[in-house]
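Please read the structure below before turning to the comments.
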Amino acid sequence: MSSLPKQVKIVEVGPRDGLQNEKENVPADIKIELVNRLTTAGFQNIEAAAFVSPKWVPQMATSADVMASISRKPGVIYSALTPNMQGFELALAAKADEVVIFGSASEAFSQKNINCSIAESIARFEGVAKAAKEQGIRLRGSISCAFGCPYQGDVSLDAVADVVGRMRDLGCDEIDIADTIGVATPRKTQAVMERAIREFRVDGLSGHFHDTYGQALANIYASLEVGIAIYHSSVSGLGGCPYAKGATGNVATEDVLYMMQGLGIATGIDLDIVVDAGQFISQFLNRKGASRAGNAIAAKRAG
Numbered sequence: 001m002s003s004l005p006k007q008v009k010i011v012e013v014g015p016r017d018g019l020q021n022e023k024e025n026v027p028a029d030i031k032i033e034l035v036n037r038l039t040t041a042g043f044q045n046i047e048a049a050a051f052v053s054p055k056w057v058p059q060m061a062t063s064a065d066v067m068a069s070i071s072r073k074p075g076v077i078y079s080a081l082t083p084n085m086q087g088f089e090l091a092l093a094a095k096a097d098e099v100v101i102f103g104s105a106s107e108a109f110s111q112k113n114i115n116c117s118i119a120e121s122i123a124r125f126e127g128v129a130k131a132a133k134e135q136g137i138r139l140r141g142s143i144s145c146a147f148g149c150p151y152q153g154d155v156s157l158d159a160v161a162d163v164v165g166r167m168r169d170l171g172c173d174e175i176d177i178a179d180t181i182g183v184a185t186p187r188k189t190q191a192v193m194e195r196a197i198r199e200f201r202v203d204g205l206s207g208h209f210h211d212t213y214g215q216a217l218a219n220i221y222a223s224l225e226v227g228i229a230i231y232h233s234s235v236s237g238l239g240g241c242p243y244a245k246g247a248t249g250n251v252a253t254e255d256v257l258y259m260m261q262g263l264g265i266a267t268g269i270d271l272d273i274v275v276d277a278g279q280f281i282s283q284f285l286n287r288k289g290a291s292r293a294g295n296a297i298a299a300k301r302a303g
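Residue numbers (the UniProt record's numbering): 1 to 303.
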């Protein structure tokens, strides 16, 4: 166990990545309550908003309201996804602590979804990156399909390394290596992470795993073994992937916290409060949450 990190940072992405694919409208007051509960739980970083076209992502249309009304805790980073300069200006006005830009490691995915090459997509973020640096706002880069693509299948290690290098050159403070469709397994995970470490400092890389094939926790453990100490997760396992039929959402925060607790790895987060937050949002969505640990703890409490 001595080789595993003693402490990890968990980035809670439920309020943005988790809720954005929900078909039923989730009103601003519910999102605000969710973010406030997560703040109380002790997260250092919460992805709370996305300043994207409401036409494409209607669920995020209330982002400015959410950012204006959450109870902010000093030292907590409240992040917003910003696909362009217009989004950046809105994030700046909303006092986001961090802006998130995104690209794909898969050429096919990039072409299919945004009609341009990977290189062109990253070039589009140069203005956002420069503006973030000038304003003293943290910049995070997210790399989708780093372990596999719904259109081209395998994604090479060199392709991932190339995008990591491009994100690094834009000045990203942190870079997410994302398994968008949840196809990774532990050995592949380690190979990708080890390759990424050659391009960017290990303490600035994060793992973003989806649980489509039930491999997310195993992949997080595999990443811990190579020194990755930042992970994304979504309360109650919120979310899904529109590109993979039947794909489940991000790995559930409660499950990750339960595993970290068992490994003796500090997170600074109160699991019981997260379980409550998971129950709160699941009840609003009128369905059982996807977190096995969360559901087990809630059932045990109910007696």
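We put the CB at the ideal spot given by N, CA and C, even for glycine.
Quiz item: Is residue 300 helix, strand or coil when you go by DSSP?
Solution: In this structure, DSSP gives residue 300 a helical state, which the three-state scheme calls helix.
Self-check item: Secondary structure of residue 44, DSSP reduced to three states
Solution: Three-state DSSP puts residue 44 in coil, outside helix and strand.
Quiz prompt | residue 66 - containing beta strand (DSSP E), residue span | solution = Careful: residue 66 lies outside any beta strand (DSSP E), inside the alpha helix (DSSP H) at 63-69.
Quiz item: Under three-state DSSP, which class holds residue 140?
Solution: strand
Quiz prompt | Close-in-space but distant-in-sequence residues of the same chain around residue 149 (CB under 7 Å, 5 per side omitted) | solution = Excluding sequence neighbours, residue 149 sits near 106, 108, 109 and 155.
Self-check item: Selection from 112, 172, 162 and 142 that minimises the alpha carbon distance to residue 136
Solution: 172
Practice problem: Determine contact between the segment 209-220 and the segment 180-189, defined as no fewer than three beta-carbon pairs at a distance below 8 Å. | Solution: yes
Quiz item: So residue 202 and residue 228 are in contact, right, with Cβ under 8 Å, and what is the actual spacing, rounded?
Solution: Cβ atoms of residue 202 and residue 228 come within 8 Å of each other, at about 7 Å.
Practice problem: Would you decide whether residue 117 is buried or exposed? Buried here means 16 or more other CB atoms lie within 10 Å of its CB. | Solution: exposed
Exercise. Would you be able to state if there are at least three C-beta pairs under 8 Å between the segment 17-30 and the segment 52-59?
Key: yes
Self-check item: Beta-carbon spacing of residue 157, residue 125 below 8 Å
Solution: no
Practice problem: For the segment 154-214, list the beta strand (DSSP E) runs that are entirely contained and at least 3 residues long, ordered along the chain. | Solution: 174-179 and 205-209
Exercise. Return the Cβ separation of residue 225 and residue 3 in integer angstroms, given the expectation that the two are a contact with Cβ distance under 8 Å.
Key: About 7 Å separates the CB atoms of residue 225 and residue 3; that is less than 8 Å, so the two are in contact.
Quiz item: Where do the ends of the beta strand (DSSP E) carrying residue 81 lie?
Solution: 77-81
Quiz item: What first and last residue would you give for the alpha helix (DSSP H) that runs through residue 147?
Solution: Looking at the DSSP string, residue 147 is not in any alpha helix (DSSP H), and its letter there is neither H nor E.
Quiz prompt | Sequence-distant residues of its chain with Cβ nearer than 6 Å to residue 268 (five each side left out) | solution = 42
Quiz item: The beta strand (DSSP E) with residue 230 in it runs from where to where?
Solution: 230-233
Exercise. Please name the residue, chosen from 292, 261, 252 and 130, that lies closest to residue 12 on a Cα-to-Cα basis.
Key: When each option's Cα is compared against that of residue 12, the closest is 252.
Self-check item: Where the beta strand (DSSP E) containing residue 9 begins and where it ends
Solution: 9-12
Exercise. Under 8 Å by Cβ, that's how I've got residue 36 and residue 70 pegged, so tell me the actual separation to the nearest angstrom.
Key: 6 Å
Quiz item: Between which two residues does the beta strand (DSSP E) harbouring residue 104 extend?
Solution: 98-104
Quiz item: When DSSP builds the beta bridges, which residues end up paired with residue 49?
Solution: Note: residue 49 sits in a beta bridge opposite 80.
Exercise. For residue 21, name the three-state secondary structure that DSSP assigns.
Key: Reduced to three states, the DSSP call for residue 21 is coil.
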